[in-house]
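**Q**
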Amino acid sequence: MRKPAIVEAPSVLGLRPSGVQDMPTALLDAGLAERLGAVRAGRVEAPAYDPRRDETTGILNPHGIARYAVALADAVGPVLDDGLFPVVLGGDCSILLGNLLCLQRRGRHGLLFLDGHTDFYQPAAEPTGEAASMELALATGRGPRPLTDLEGRGPLLRDEDIVAFGFRDTSESAEAGMQPLPPRLHTIDLHAVRALGVAAAARRAIDHLGNDESAGYWVHLDVDVLDDALMPAVDYRIPGGLTWLELESVLRIALADERAVGLDVTIFNPRLDPDATLAARLVECLGRGMRP
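Each residue of the sequence shown is one higher than the one before, starting from 45 at the first, in our numbering.
#1: For the region 231-275, list the beta strand (DSSP E) runs that are entirely contained and at least 3 residues long, ordered along the chain.
#2: Going along the chain, which residues of its own chain have a beta-carbon closer than 6 Å to the beta-carbon of D233, five neighbours each way excluded?
#3: Between the C-alpha atoms of L57 and L104, what's the straight-line distance to the nearest angstrom?
#4: Near G221, which residues of its chain fall below 7 Å by C-beta distance, leaving aside the five closest residues on each side in sequence?
#5: In whole angstroms, what is the alpha-carbon distance linking G173 and T192?
#6: Is it buried or exposed, D94, if we count other Cβ atoms within 10 angstroms and call 16 or more buried?
#7: Hey, is the region 159-167 in contact with the region 200-220, meaning 3+ C-beta pairs nearer than 8 Å?
#8: Let me check one thing: in DSSP terms, what residues is R97 bridge-paired to?
#9: Could you tell me how far apart the beta carbons of S55 and D136 are, in whole angstroms, since I believe they sit closer than 8 Å?
#10: Could you name the residues of the same chain whose beta carbon sits closer than 7 Å to that of V362, not counting the 5 residues immediately before and after it, in chain order?
#11: Got a sec? Which residues, its chain only, sit under 6 Å from G142 by beta carbon, not counting five neighbours each side?
#12: Please classify E179 as buried or exposed, where buried requires at least 16 other C-beta atoms within 10 Å of its C-beta.
#13: Consult DSSP for V207 and reduce its assignment to one of helix, strand or coil.
#14: Please tell me whether I282 and D266 are closer than 9 Å, where the distance is taken between their beta carbons.
#15: Check whether the region 182-191 touches the region 236-249, taking contact to mean three or more Cβ pairs, one atom from each stretch, closer than 8 Å.
#16: What distance in whole Å lies between the Cβ atoms of T101 and P167, which are believed to be in contact at a cut-off of 8 Å?
#17: In angstroms, rounded to a whole number, what distance separates the CA positions of E292 and A324?
#18: Which residue or residues does DSSP assign as beta-bridge partners of P130?
#19: Since I believe L270 is in contact with G285 (beta carbons under 8 Å), could you give me their beta-carbon distance rounded to a whole number of angstroms?
#20: Go through the region 279-304 residue by residue and report every complete run of the alpha helix (DSSP H) that reaches 4 residues or more, in order.
#21: Say whether chain B places a C-beta atom closer than 9 Å to the C-beta of H161.
#22: Can you give me the start and stop residues for the beta strand (DSSP E) that L144 sits inside?
#23: Going by DSSP, what residues sit across from D308 in a beta bridge?
#24: Going along the chain, which unbroken runs of the beta strand (DSSP E) with 3 or more residues stay wholly within the region 48-90?
#25: Give me the residue from L59, A183, M45, E89 with the minimum Cα distance to V377.
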C-alpha cells in the first residue's frame, strides 16, 4: 500500500454535534499517525451547524454538506495526486460524499461499504433528516438534487460498483420504511459474512469490485460495523457485529489490493470513551489492518 496521508474531516453536518467531531483528535492523540507511518495532510473544517431541518429537501444542513463535500474533495485530490493513500478521519458518514466526489472527478470507482447500517434512507423515512443515514442512497443519486448532483456530475457511484458488507439492520430499516436496496447493489450482510467466513467474504467483495472499467475502489468504515459489545462508543447502537479480528482481516484483504485508493473512518464518538481505551484499540485495529 502507498504511504498513508491523514486528512481530518470533523464534520457533523449529517448527524448532530454529539462528539464524533472529536474523532480525528482522539485517534491522533492515541498515536494513529505514528502507527501507520502516515503524514498529516490537513484538516477541513465544516460550515456552521444548523439544527433546523431544511423544508425543501427534508435534510439537515443539505447546502452545508454540499459545500463541505467540495472542500473535502479539494483536500483529498492533492493527496492522490502526490501518490499517497488518503486516510480520512470523520466526522459522520456524510463525509463519504466528498471522498467519492474526489474520485468521480477522476473516473469510475467502486466502494466497499463497511457499516452496521445500510444508510439507504430517503428523507421521508429518516426521523430527524440526518444525511448520515442516507449517504449511500445519496451517492447513488437517490435523494434531493443538492446532494445527488454535486458539481452537476450526477450520481457519484453506480449501483453495481458497490459492496455493502457486514450490515445487520435489515429488519430495523424495513420497519422504518427505508427504500429497498437496488438489485444491482451487491450485499454481504453479517449473516453471509459468518456463513462464508470473514476472509472468504472479503475476497468475494474485492473480486466483485475488480471491474475492468473501474479505476479502483474506496473503503468506507463506520465503526458501528463492529460488535456493539466491543464498540459501544457510537451514536446508533445495534446488537451484534464484527469482532476486532474480523475487521482487521477485512481491512488487510481490502487494503492490500493495489486497486484500493483510500479509506475513511467515521462515527467513533470519543465522548463515549472517557478513558480512551477504545480509541487505542481502534488505532491498533487500523494499524494491523493497514500495516500487517
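All residues carry an ideal CB built from backbone N, CA and C; glycine is no exception.
**A** A quick look at the data gives this:
#1: Along the region 231-275, the beta strand (DSSP E) occurs as fully enclosed runs of 3 or more residues at 261-266, listed in sequence order.
#2: Here the set comprises F211.
#3: Pairing L57 with L104, the inter-Cα distance amounts to about 7 Å.
#4: So the list reads A169, once near-sequence residues are dropped.
#5: Inter-residue distance for G173 and T192 is about 15 Å (C-alpha atoms, whole angstroms).
#6: Burial call: exposed.
#7: These segments touch.
#8: BP columns for R97 point to L104.
#9: Yes, S55 and D136 are in contact; Cβ-Cβ is about 7 Å, under 8 Å.
#10: Within the shown structure, residues of the chain are numbered from 45 to 336, placing residue 362 beyond reach of any answer.
#11: The answer, listed in chain order, is A113, L116, A117.
#12: Burial call: buried.
#13: The answer is strand: DSSP assigns V207 an E or B state.
#14: At a Cβ-Cβ threshold of 9 Å, I282 and D266 do not count as neighbours.
#15: The region 182-191 is not in contact with the region 236-249.
#16: P167 to T101, Cβ: 6 Å. Contact.
#17: Each residue's Cα considered, the two are about 14 Å apart.
#18: DSSP lists A49 as partners of P130.
#19: L270 and G285 do touch by the CB rule: their CB atoms are close to 5 Å apart, below 8 Å.
#20: Those alpha helix (DSSP H) runs which fall completely within the region 279-304 and span 4+ residues are 288-300.
#21: No chain B is part of this structure, which consists of one protein chain only.
#22: First-last for L144: 140-148, but that is the alpha helix (DSSP H), not the beta strand (DSSP E).
#23: According to DSSP, which records beta bridges pairwise, D308 is partnered with V132, H264.
#24: Qualifying beta strand (DSSP E) stretches, in chain order: 48-52, 83-87.
#25: With the chain covering 45 to 336 only, the question about residue 377 has no answer from this structure.
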